[in-house]
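> One structure, as structure tokens, below. Some questions next.
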């Protein structure tokens, strides 16, 4: 594409436009908005993991001062409010097609704003109270008497999948909503039969929660004259939320305006509609007052859509030389009480062979309901789990069959000559130089020098661990995107686009792209996001889709705009449109020195056309891309306490073309932190005896912090993807993808002198210490030091 | 109800509020200074960090009444005469923020740290002293850089 | 929070009177225990009596018996005090390890000691140094003051106005922090006093801050890490939760006590 010829802003670490307001306290987060006369909503939440709702007595609450109403699921049904249409089954052309048993459609478990029959997890909202102040609303919520009848419950993933487990939905014979098998079963079985070596393992990747620092909030008001709702609600995609809420409320999408300006972190937690968004809309119409909701952190912990929770049984067949022959996997995903998104299971399914050429594979993908908060996509949805499964399995194979873990990987990596590479599940990796990544990573991280660092750490009484992991991950996402470009006379160029950043810097990086496409200065371009009265269409932000889709649709729109402008220039310059050239932001005619800039054309356009100089372009792209890379880390363990220090963490990430390296590095850092968090500190634990979440506050849920993380060394590799004009892959999630694997690989390495033992994440000091005690005891007992 | 009076960002303010009003609620809801944020309910996240008499505190864990007669500085009051504070500049320069929600608290914490810290300041010390501020976006790497840079910029040399 | 009446006394005596005339009052000092409790709606006092502005509750001075630190003194001031750093440096270091920087700007010695959180740091120092808890109405020896988890021998409305710390010959403090709350999973304060070695452990025992006297006896005979080699802590005496089992805490006590012995004069913080 011609317009990509002179890239000046693209590729530069330009400082962000967003920062001016964010560093001076002028951000516009949802709770920052208030409307005159607003009242507050509070939710009555189930204390039970599973219980029938026999009745709700609101009389005491209604008698309290300042209480304006108490609303139940029955009330909502009577008012015709519908289910939230989550559309959880990923359905782009290249998504792995999950089904129920025997190819049946996936049963989702309907999601009404408030349940009518039962509460299915601790924290589920069963009624809403609205009062004059937030404090009064929460006090009144405590006074609502719900007649709960406890039912048998199940929280653990494996237990929930058992045929005789307590059932969440009557429509199913059990809790299994997805059961589909992919790949070549017969060929895989034959390869396993003939294999010289087989290594197997079952991995448990537990439940975490996103903890975006901004608790979710919503403010709605209903204008009875225009019959429109205005909803302030930060999310992962205002356009999608508008359409879904329209279906819930039972109005046309045009009757709703959703405003999502600054969003305080998403990571997937905000990609789906929350019941409170629909509830405040409903209440605002009924009461004729603006209604506001803001979650406490404890509510966020209990009822933010959560992440991960996968049990993966994997087996790898190798020949005598260490070549990978075949892979078998059985992946069981715990979706929680209802199905809000199958993204983690689906995306993971497509990547079970990882960065390696494994000619044959079979995968059984299952999903189970359980009495827990529904899960959905969370930072690199599904990919850290399957990366963990394959990378840790390769570590085990190396150990069991006597290979060097790097050599075993290197010989099996997908080669550049094989690109685009179709893996055994059907995913088509677009591009990548995996061996080059590995080599560069080992150099960058001074792998060779680790032996000396090990000796030095051991001299200080520490156990030293060295971890390694390759990764490949996928970026698919909503296939549609729209861009409007408007050249404002006297004011610069505005781009309206339907992504929804929550820290990714779109106002900056997209401006870099458009500035170069149109040959103008970075400062002349502004990006408009987040208000559905202006942003008419768009796919939101998730799955690393934003820059790829945005840069592509912006490039197409820019082409349209240039062509339109050429026509206008031709008139002004009194020549044919095909005579007009465009370059360096100027339109001209060869052989003359007359040129016209965007501003002049905009002024002329304003006189000619009521809409001025602008274009709108839609684009649809289904082809996924596959960011990839490699990662190493070094850790020190204090054997007396199990305490762990990360002393080195190095990554190489192929993000395709990198638009703003400063922003991409920032994404990598944050992604690394979340991956390490899952490996070492984070677990949304449910007590097995009571079904109660026991890590539902920052007092119990361990987080990455300033003082438990090191600084990182990160390098970007750019292998342009052939699938889109800018060659973009994605840079938002590669930090997380290998992190759990690389940390656990290092811990295994650190404990290797004592033996081998599986530690389930998070590998807290308690667990590491317990592991050390077990290994020492079995050594003393003379047992073989491999503890299953 | 009680009357609270204090100075906020140089301005004298006085309002009648409910006794149990937290300082962060007074700032956000009565004074409309929404730059200070609430991120948790266990006094751990630090998003609400401001200065009372120049010292960093978590405004979610102080009653408005306790700030009676004191000088409160919020993120909105950090820049002087249109000039950004060195910590603010450093955050932009070093990409020390992404979503921006924890940022006001980080900047207020960082500003107080570098103003009061005696002697050289290194990465380890920044990481220890900033423990009370959580960030979910940045992985802390660039915030550390920003604070060290601001310290260096304000002290004139690395080992001031 | 549930609504309450805020009251600001002009003196300690005034505060005591206010307490007596309230239905159900709570004292507010640093606020970093009380206010989170109220925000979580775990308590609903009718009155909150604010001690933070009372000058008679601030200050650090040297006395014939050691160091007197008034109850309203914030942790950051104890940590930075030249007097404390000179006379009992490990006490200054302990104060500087409480919570985080912003917490230390508000949290107070009196509040911490009055509350006796089983995982708080100050109770270990008070007990190990054999300090005296001075209230508005009496002086209480450390050994009598702490009576259980969150329990002290204070009467309702009794205010901790100061703690008097004898100066030890040497001291050391080692703690292992809960990776989420950052409170002590276990911590050992080891002091050599004129009356012998005193060890106080916080965070770990199921009856609150405790002196493992068998450790003290062994260290009296031989002040070395090896002296503790053959001694054990009973895991059944320990708190046990998701973050740390009884066995793990028992192990930590031994490890931390050893390290505090070997590195007297230092505050060692692990996580």
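Residue numbers (our numbering), protein chains in the order written: chain A, 4 to 791; chain B, 17 to 176; chain C, 24 to 294.
Every residue, glycine too, gets a C-beta built ideally from N, C-alpha and C.
1) Taking contact to mean at least 3 C-beta pairs separated by less than 8 Å, is the stretch 621–628 of chain A in contact with the stretch 686–703 of chain A?
2) With a threshold of 8 Å between beta-carbons, can residue 676/A be considered close to chain B, or not?
3) Do residue 88/A and residue 250/A have their CB atoms nearer than 8 Å?
4) If you measure from the beta carbon of residue 38/A to each beta carbon in chain E, is any gap under 8 Å?
5) Quick check on residue 247/C: does DSSP put it in helix, strand or coil?
6) Would you please verify whether the beta carbon of residue 122/B is less than 8 Å from any beta carbon of chain C?
7) Closer than 7 Å by beta-carbon distance: list the chain A residues that pair up with residue 91/B, in chain order.
8) Strictly below 9 Å CB to CB, what residues from chain C border residue 72/B?
9) Looking at C-alpha atoms only, which residue of 180/C, 141/C, 39/C, 185/C is the closest neighbour of residue 223/C?
10) Classify residue 174/B as helix, strand or coil using the three-state DSSP reduction.
11) Quick one: does residue 70/A have its CB under 8 Å from some CB of chain B?
12) Pair every Cβ in the stretch 149–169 of chain B with every Cβ in the stretch 48–57 of chain C, then say whether three or more of these pairs are closer than 8 Å.
13) Considering Cα atoms alone, identify which of 667/A, 558/A, 163/A is closest to residue 522/A.
14) Could you name the residues of the same chain whose beta carbon sits closer than 7 Å to that of residue 306/A, not counting the 5 residues immediately before and after it, in chain order?
15) Using DSSP bridges, identify the partner residues of residue 164/C.
16) With a cut-off of 8 Å, does the C-beta of residue 245/C fall near any C-beta of chain B?
17) Contact between the stretch 68–83 of chain C and the stretch 197–213 of chain C: three or more CB pairs below 8 Å?
18) Should residue 17/B be labelled buried (16 or more other beta-carbon atoms within 10 Å of its own) or exposed?
19) Any idea what DSSP makes of residue 666/A, helix, strand or coil?
20) For the putative contact between residue 239/A and residue 503/A, defined by C-beta atoms under 8 Å, what is the C-beta separation to the nearest angstrom?
21) Using 8 Å as the limit for Cβ to Cβ distance, is residue 264/C near chain B?
22) Once the 5 residues before and after residue 534/A are set aside, which same chain residues still bring their CB inside 6 Å of it?
23) Could you tell me how far apart the beta carbons of residue 279/A and residue 61/A are, in whole angstroms, since I believe they sit closer than 8 Å?
24) Using CA atoms only, rank isn't needed, just tell me which of 329/A, 714/A, 141/A is closest to residue 188/A.
25) Please identify the residue among 52/A, 184/A, 374/A, 76/A whose C-alpha is closest to the C-alpha of residue 160/A.
26) Kindly indicate the opening and closing residues of the beta strand (DSSP E) around residue 74/B.
27) Distance, Cα to Cα, residue 144/B vs residue 216/A?
28) With distance defined between alpha-carbon atoms, name the residue in 292/A, 106/A, 237/A nearest to residue 180/A.
29) Looking at the secondary structure, which residues open and close the beta strand (DSSP E) in which residue 250/A lies?
30) So residue 158/B contacts chain A; which residues on that side make the cut at Cβ distance below 9 Å?
31) Among residues of its own chain, excluding the 5 on either side of residue 45/C, which ones have a beta-carbon nearer than 7 Å to its beta-carbon?
32) Which same chain residues end up closer than 8 Å to residue 604/A when comparing Cβ atoms and leaving out the 5 residues on each side of it in sequence?
33) Are there three or more Cβ pairs, one per stretch, closer than 8 Å when the stretch 200–209 of chain C is compared with the stretch 263–276 of chain C?
34) So, is the C-beta of residue 29/C closer than 8 Å to a C-beta in chain B?
35) Do we get a CB-CB distance below 8 Å when we pair residue 128/B with the residues of chain A?
36) Take residue 121/A and list the residues in its own chain whose beta-carbon comes closer than 8 Å to its own, dropping the five residues that flank it on each side.
Reading it off the structure:
1) no
2) yes
3) yes
4) Chain labels in this structure do not include chain E; the protein chains are A, B and C.
5) coil
6) no
7) 27, 28
8) 124, 125, 128
9) 141/C
10) Low confidence applies here, because residue 174/B scores a pLDDT of 48, under 50, leaving its location unreliable; read the following figure in that light. Note: residue 174/B maps to coil in three-state DSSP.
11) no
12) no
13) 558/A
14) 126, 376
15) 155/C
16) no
17) no
18) exposed
19) helix
20) 5 Å
21) no
22) 262
23) About 18 Å separates the two Cβ atoms, so there is no contact after all.
24) 329/A
25) 374/A
26) 71–74
27) 20 Å
28) 106/A
29) No beta strand (DSSP E) holds residue 250/A; the alpha helix (DSSP H) holding it covers 241–252.
30) 665, 668, 669, 672
31) 69, 70
32) 490, 568, 571, 572, 575, 590, 616
33) yes
34) yes
35) no
36) 53, 54, 55, 56, 154
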